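**Q**
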Amino acid sequence: MSITGYALVVGGEKGTGIGRACALTLAKAGAEGILIADINVTAASETARLCTSMRLVANSPISFLALATHVDITDQGSVDAAVSAMIERFGHMDYCVNCAGIGPNSHDEIADADTGAFKQMLDVDVTGTFHVIREASRVFSATAGSRGAAWFGSLVNGPIADRFGRKMLINLAVVVFVIRSAIQCSATNIPMIFAGRAVAGLAVAGLAVPCVCLAIPSYLSSSPLTLTVSVTIGILVSYWIDYGTNCIGGTRCAPDVPYAGSLFDPYIDVPETGCTGQSEASWRLSLAIQIAPAVILGIGMLFFPDSPRWLLMTERDDEALSSLSRLRRQATDSSALRSEYLEIRASIMLENSFAREKFPGLSGVRLHAA
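Here UniProt numbering is used: the first residue of the sequence shown is 1, the next is one more, and so on.
Okay, structure coming up:
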């Protein structure tokens, strides 16, 4: 099994327990971070130490961090705090494993069973499980907001592009993306972060353009390569920005607390008050920087012509020919340019005739929905 991401493991106390086994399995499989939450923090810390040791033995190239925290799953507030600690430390949660539970004394006869012990078992195994599932579901639903918004955006962006043009749609998406970045970098709570992710989904759906949509055969080999290189460079730059801004406020977790050893040990050197050395600017700045490339794209699009295909769809033939001439850097009387212009026009006529035959009387959003 091979995985990535961050996991919350509830219950990791006993050496032979399912929680510890799950945590060790996740560490071995490639998880980037694990938070072990248990009512016994000392035992949970030991599980975290074993996960780290296993990862070192595996010699994985992926960075890894295992931490421990206290949780009483019979208390909804304690569960909420544990999940909040997970989000605060790792940014998001990809997996949640709930293994906390107790059972009756197998040596007791049913006639000798204690009512208080039975109620405690129900509180832990039933009510506690419900608490964990409910809070984890809220987080998973919130983090899925970006994908859900992207899905919704992909449905509505087609009609918008047909009505206002691809250029206008991209500029609109840039505005939405800037709003998203502003929401996230000014966030005062986790729901604002999730709201920003949802807005980002709408923007991403509007900016996703197939790289071959206007590429002629001579450019088809270089277009995917250029796109791939640009995306890779963008990811690299974003990683270095995150790395650099992470140090704002100091690289020490708690500057006033000396290390117990020569190196930082998260199981010893993190005080009860948490990491206090890092400034809020360390994450706000990295989110705000995203506004810059969006603004550059928006300004650049102002100098781009409208799509020749969209201009032909709106019966602006002369503008379409001029736009195609500008994009191809050829004169309007060029035979190759005229040929491509006629091909685009013929394909639009064919599509329109097919739509009239297959969906008579429909247009706009209703036609796209059909």
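Where a beta carbon is used, it is the ideal one built from N, C-alpha and C, also for glycine.
In this text, all values refer to a predicted model and were calculated from it rather than measured experimentally.
Using a Cβ-Cβ cut-off of 6 Å (strictly less than) and excluding sequence neighbours within five positions of G15, which residues of its own chain qualify?
**A** For G15, the pLDDT reaches just 49, beneath the cut-off of 50, and the residue's location in the model is therefore unreliable, leaving the point undetermined.
**Q** From this set, V231, A198 and I190, which residue's C-alpha is nearest I179's C-alpha?
**A** For I179, the nearest C-alpha among the options comes from A198.
**Q** Which residues in the same chain as E32 place their Cβ atom closer than 7 Å to its Cβ, once the five residues preceding and following it in sequence are excluded?
**A** Counting only Cβ-Cβ distances below 7 Å, and skipping sequence neighbours, we find T4, G5, Y6, I62, S63 and F64.
**Q** For the beta strand (DSSP E) that contains A21, what are its first and last residues?
**A** Run containing A21: none in the beta strand (DSSP E); it sits in the alpha helix (DSSP H), I18 to A29.
**Q** Going by CA-CA distance only, name the one from R89, I291 and C51 that's closest to V176.
**A** Comparing Cα positions, the closest option is I291.
**Q** Check the DSSP bridge columns for N40 and list the partner residues they point to.
**A** Note: N40 sits in no beta bridge, so no partner.
**Q** If the criterion is Cβ atoms closer than 8 Å, does the pair V132 and I73 meet it?
**A** Yes, these two residues count as a Cβ contact at 8 Å.
**Q** Rounded to a whole number of angstroms, what is the C-alpha to C-alpha distance between A23 and L285?
**A** Near 33 Å, if we compare the C-alpha coordinates of L285 and A23.
**Q** Where DSSP assigns a beta bridge to C96, which residues make up the other side?
**A** Paired residue(s): L8.
**Q** Please report the straight-line C-alpha distance between G196 and L8, rounded to a whole angstrom.
**A** So the alpha carbons of these two residues sit roughly 24 Å apart.
**Q** Look at the Cβ atom of T314, then the Cβ atom of L321, and state whether they are nearer than 8 Å.
**A** Contact: no.
**Q** If we count the other Cβ atoms within 10 Å of its Cβ and call it buried at 16 or more, is S181 buried or exposed?
**A** S181 comes out buried.
**Q** Does L350 pass the burial test, meaning 16 or more other C-beta atoms within 10 Å, or should it be called exposed?
**A** Classification for L350: exposed.
**Q** With distances taken Cα to Cα, identify the nearest neighbour of G234 among P293, V71, A187 and L312.
**A** Nearest C-alpha to G234: P293.
**Q** Please go through the same chain and pick out, in chain order, the residues whose beta-carbon is closer than 7 Å to the beta-carbon of L312, but skip the five residues on each side of it.
**A** Here the set comprises A320, I344, R345 and I348.
**Q** May I have the straight-line CA-CA distance separating I170 from F304, to the nearest angstrom?
**A** Near 11 Å, if we compare the C-alpha coordinates of F304 and I170.
**Q** Between residue 452 and T52, how many whole angstroms is the CB-CB distance? I'm expecting something under 8 Å.
**A** The displayed coordinates of the chain run from 1 to 370. Any statement about residue 452 would go beyond what the structure contains.
**Q** What do you reckon, is the C-beta of D72 under 7 Å from a heavy atom of the ligand COA?
**A** As far as ligands go, the structure on display features none, and thus does not contain the ligand COA.
**Q** Can the beta-carbon of A68 be found less than 8 Å from the beta-carbon of V97?
**A** Going by C-beta atoms, A68 is not nearer than 8 Å to V97.
**Q** Return the chain-ordered ranges of every alpha helix (DSSP H) run that is complete within the region 161–191 and spans a minimum of 4 residues.
**A** 166–185, all fully within the region 161–191.
**Q** Taking the alpha carbon of S282 as the reference point, which residue from S307, D317, R316 and N246 has its own alpha carbon closest?
**A** When only C-alpha atoms are compared, the closest one is N246.
**Q** Look up G33 in the DSSP assignment and give the residues it is bridged to.
**A** DSSP output for G33 lists Y6 and L65 as bridge partner(s).
**Q** Out of I36, L327, G101 and F130, point me to the one whose CA is closest to Q120's CA.
**A** Minimum Cα distance to Q120 is reached at G101.
**Q** So, helix, strand or coil for S353, using DSSP?
**A** Of the three classes helix, strand and coil, the one that applies to S353 here is helix, per DSSP.
**Q** Ends of the alpha helix (DSSP H) at D318?
**A** That run of the alpha helix (DSSP H) goes D317 to R328.
**Q** Please say whether L35 and A85 have beta carbons closer to each other than 8 Å?
**A** Yes, the pair counts as a contact, with Cβ atoms nearer than the cut-off.
**Q** Using beta-carbon positions only, say whether S307 and R163 come within less than 8 Å of one another.
**A** Not in contact: S307 and R163 (Cβ atoms no closer than 8 Å).
**Q** Which residues mark the beginning and the end of the alpha helix (DSSP H) in which D125 is found?
**A** Element bounds for D125: n/a, residue is neither H nor E.
**Q** Who are the near neighbours of I241 in its chain, counting only those whose CB is closer than 8 Å to its CB and skipping five residues on each side?
**A** Excluding residues within five positions, the ones whose Cβ falls inside 8 Å are S286 and I289.
**Q** Leaving aside the five residues before and after G91 along the sequence, list all residues of the same chain whose C-beta is less than 7 Å from its C-beta, in chain order.
**A** So no residue of the chain qualifies.
**Q** When we look at the beta-carbon of F194 and count the other beta-carbons within 10 Å, is it buried (16 or more) or exposed?
**A** It counts as buried.
**Q** Check for me: the alpha helix (DSSP H) holding F90 runs from which residue to which?
**A** Where F90 is concerned, the enclosing alpha helix (DSSP H) stretches over Q76 to F90.
**Q** Within 10 angstroms of its Cβ, does S339 collect 16 or more other Cβ (buried), or is it exposed?
**A** Exposed.
**Q** Return the CA-CA distance between R316 and S323, expressed in angstroms with no decimal places.
**A** Taking the straight line joining both Cα atoms gives about 11 Å.
**Q** Kindly indicate which residue of T188, E280 and S238 has the alpha-carbon position closest to the one of I248.
**A** The option with the nearest alpha carbon to I248 is E280.
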